[in-house]
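Data first, discussion second: the structure below is written as C-alpha cells.
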Amino acid sequence: MGRFSGGSASGASAGSSAGGRRESTCIRQRVRAAPCVAPRSTRGDTFQARDLHRTRRRHLSMNREDLLRLVDVIHRDKDIPAELIFQGLESAVGAAVKKRLGAGEDLVVAIDRKSGEISIEDDEGVYEFDLAELGRIAAQAFKQGFIQKIREAERDVLYDDYEARVGQIVNGTVQRYDGDALVVNLGRAEAGLPREERVRGETFGPGDRIRAIVLEVRKDGPRVRITISRTHPDLVRRLFELEVPEIADSIIEIKRVVREPGYRTKMAVISQDPKIDCIGACVGVRGSRIKAVIDELRGERIDIIRWSDSLETLVMNGLKPATIHLENIYPEVEQHSVTVVVDDDQQSLAIGKKGQNVRLASRLCGWDIDIKTRAQFEREEAGLPPEQLPSEAGAGAASNAADSSADETPTQD
547 MGRFSGGSAS GASAGSSAGG RRESTCIRQR VRAAPCVAPR STRGDTFQAR DLHRTRRRHL
607 SMNREDLLRL VDVIHRDKDI PAELIFQGLE SAVGAAVKKR LGAGEDLVVA IDRKSGEISI
667 EDDEGVYEFD LAELGRIAAQ AFKQGFIQKI REAERDVLYD DYEARVGQIV NGTVQRYDGD
727 ALVVNLGRAE AGLPREERVR GETFGPGDRI RAIVLEVRKD GPRVRITISR THPDLVRRLF
787 ELEVPEIADS IIEIKRVVRE PGYRTKMAVI SQDPKIDCIG ACVGVRGSRI KAVIDELRGE
847 RIDIIRWSDS LETLVMNGLK PATIHLENIY PEVEQHSVTV VVDDDQQSLA IGKKGQNVRL
907 ASRLCGWDID IKTRAQFERE EAGLPPEQLP SEAGAGAASN AADSSADETP TQD
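Okay, so the sequence shown: first residue is 547 according to the working numbering, each after it adds one.
This is the structure:
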C-alpha cells in the first residue's frame, strides 16, 4: 500500500529492520484509523488536494462513464435537471475531500459535464481526482452528502412543480385517513385534504378517485406539504374549463364564482362573441355540460348568471330564479347596498332557503342586498314602523337573511 507523501515515518523499505517495518505498519494503521484528519506533511499543516492521489485504499469505485450514467439515471428516474445533479456531486465530493484531508474552505471541485472528469483546485493548482482515492469514512461522507443533495433537489423540483399548479385541478387516489385529513396519492407526491376543505356530507374511502384544487404548497424540512381543496370556488371554475371548450378557448369568460359548498353555486359568465350564448354554452345540449360538473360536485346546485357591468342588471340576474324588475332596484351608493322590491310571491324565491339565494347574489355583486315586499317598502317610505311579521323579520339585509326560511310566505293586513 502506498503512503502519504511527507509522512513522519522513516525506513519502510524492503531492506529495513523488523523494528522499522513494525513502525511503518503502525503508522499505516494510524492513518487508517483516523482518515478524517490527514497526517501532517513537511510542507504545511494540512495535505493539499494532490496528496489524496497517493492513497490506494479504494472504498468507492466509479469511473467517468459510471458517473455520467449515474447522472443520467437519476435525471430520468426522478426528473431532476442534470445540472442540479452535477452540482450535488461537486458539493458532496468537496465535503468528502475536506473531511478526508482537513482541507480549507478554498478548495473547489469541478466535474466536466461531457467527460465526467473530476478536478480539484486549491491554492497550488488544479488536479485530476478519482473517487476511488477516498478513504472509507470520506467515501461514506460522500455517499451521504450526495444522497442528501439529491433529496433536496427532488424536494425543490417537486415544490416548484406543484407550486406552479396552485389553483389547478389535480386527480388522485385516496390512500388513508390521517386524523381528520385524507391522504391522497397524486402520483409523484401525496397531498392532504383537511376536513375543512371537504364538502359536508362527502365521504371517501381508500382507493376512491378524487378531483380537487391545489390550495397550498409549502416546504416542511425535507418534505413538501401539499394541501388540496374541494370547497374552493376555483374547483367549479376549472371543471367548467374542462367541460366547456368555449371557456377553455377564452370565448366565454367566467367573471366570478361564489359558492356554498355542497349546496349551491352562482357563476357569472360573459361571451366575447355576440353570436355565442354564454349560458347555453355552459349548460350544453340537454344540460350535458353542466350535468357533468354537478355530478363531480355530487349534486351541488349551479346557477349560471349572465354578467353585466350594470349593477342593477347584475343584481336582477343574480337573484334568479326570482323575477325582479329593474325599476324596483334602488342602489344606495354611500351604504354600498341595494334595496330590491319584489312581489309578495317572489320574496321567498329571492331570499332562498335560509337566505342562501340573496346571500350568494350579494357576494356575486359585491354589494349588500336588502329584499323588501312592496308593502314593506311603502311603509318605510311613509315613515311608518315596520311590521314584525316572521317573514319580514328575516327579509332584511343579506347578512341577516340566513335566518329566514324559503317556505315562509309573507302575509298582508
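All C-beta atoms, glycine included, are put in the ideal place defined by N, C-alpha and C. Everything numeric in this text was worked out from a predicted model, so none of it was measured.
DSSP, reduced to helix, strand and coil, places Thr869 outside both helices and strands of the structure shown, so it counts as coil. The three-state reading of DSSP puts Phe632 in helix, counting H, G and I together. Pro627 is positioned such that its CB atom lies no closer than 9 Å to that of Glu698.
In this chain, the alpha helix (DSSP H) harbouring Lys624 covers Arg610 to Lys624. Relative to the Cα of Leu843, the nearest Cα in the group Arg615, Arg746 and Ile683 belongs to Arg746. Taking Asp754 as reference, the option from Leu728, Gly830 and Glu762 with the minimal CA-CA separation is Leu728.
In the structure shown, Ser637 adopts helical secondary structure according to DSSP, grouped into three states. The residue from Val790, Gln694, Gln633 and Asp676 with its alpha-carbon nearest to that of Ser834 is Val790. The segment 892-899 and the segment 797-804 do not touch, with fewer than 3 CB-CB distances between them shorter than 8 Å.
Its Cα nearest to that of Glu924, the residue Val887 stands out among Lys689, Glu611 and Val887. Distance from the Cα of Val720 is smallest, within the candidate group Lys821, Thr919, Ile620 and Gly738, for Gly738. Remark: C-beta atoms of Val643 and Ile666 approach each other more closely than 9 Å.
Look at Asp658 here: in three-state DSSP terms it is coil, with no helix or strand label. Burial is judged here by how many other beta carbons sit within 10 angstroms of a residue's own beta carbon; Ala827 has at least 16 and is buried.
Taking 9 Å as the cut-off, the Cβ atoms of Arg847 and Arg810 count as close. Rounded to whole angstroms, the separation of the alpha carbons of Asp724 and Asn903 is 36 Å. Spatial neighbours of Asn717 in its own chain (CB-CB distance under 6 Å, excluding positions within 5 residues in sequence) are listed in chain order as Arg757. DSSP lists Val888 as the beta-bridge partner residues of Thr919. Counting only runs that start and end inside the segment 795-851, the beta strand (DSSP E) elements of at least 3 residues fall at 798-806 and 810-817. Per DSSP, the unbroken alpha helix (DSSP H) holding Asp706 starts and ends at Arg682 to Glu709. Excluding the 5 residues flanking it on each side, Ala907 has same chain C-beta neighbours closer than 8 Å at Lys812, Val861, Gly864, Leu865, Ile915 and Ala944, in chain order. Here Ala896 is near Ala868, since their CB atoms are less than 9 Å apart. In terms of Cα proximity to Glu880, the closest of Ile851, Ser856, Ser854 and Trp913 is Trp913.
The bridge partners DSSP lists for Asp668 are Gly671.
Each of Ala735, Ile793 and Ile693 was checked against the Cα of Val782, and the nearest Cα belongs to Ile793. Under the DSSP assignment, Thr749 falls outside any beta strand (DSSP E); it carries neither an H nor an E label. Residue environment for Gln922: buried (at least 16 other C-beta atoms within 10 angstroms of its C-beta).
Residue pairing by DSSP places Pro877 opposite Val884 in a beta bridge.
Contact check for Thr773 against Glu762 passes: the beta carbons are separated by less than 9 Å. In this structure, Arg646 sits near Ile683, with a CB-CB distance shorter than 9 Å. Counting only residues of its own chain and dropping the five nearest sequence neighbours on each side, Arg852 has a CB closer than 8 Å to the CB of Ala814, Val815, Ile816, Cys824, Ile825 and Asn863.
Under a 10 Å Cβ-count criterion, Arg909 is classified as buried, with 16 or more other Cβ atoms of the shown protein chains found around its own Cβ. Leu872 is the residue among Gly845, Leu872 and Val617 whose C-alpha sits nearest the C-alpha of Glu858.
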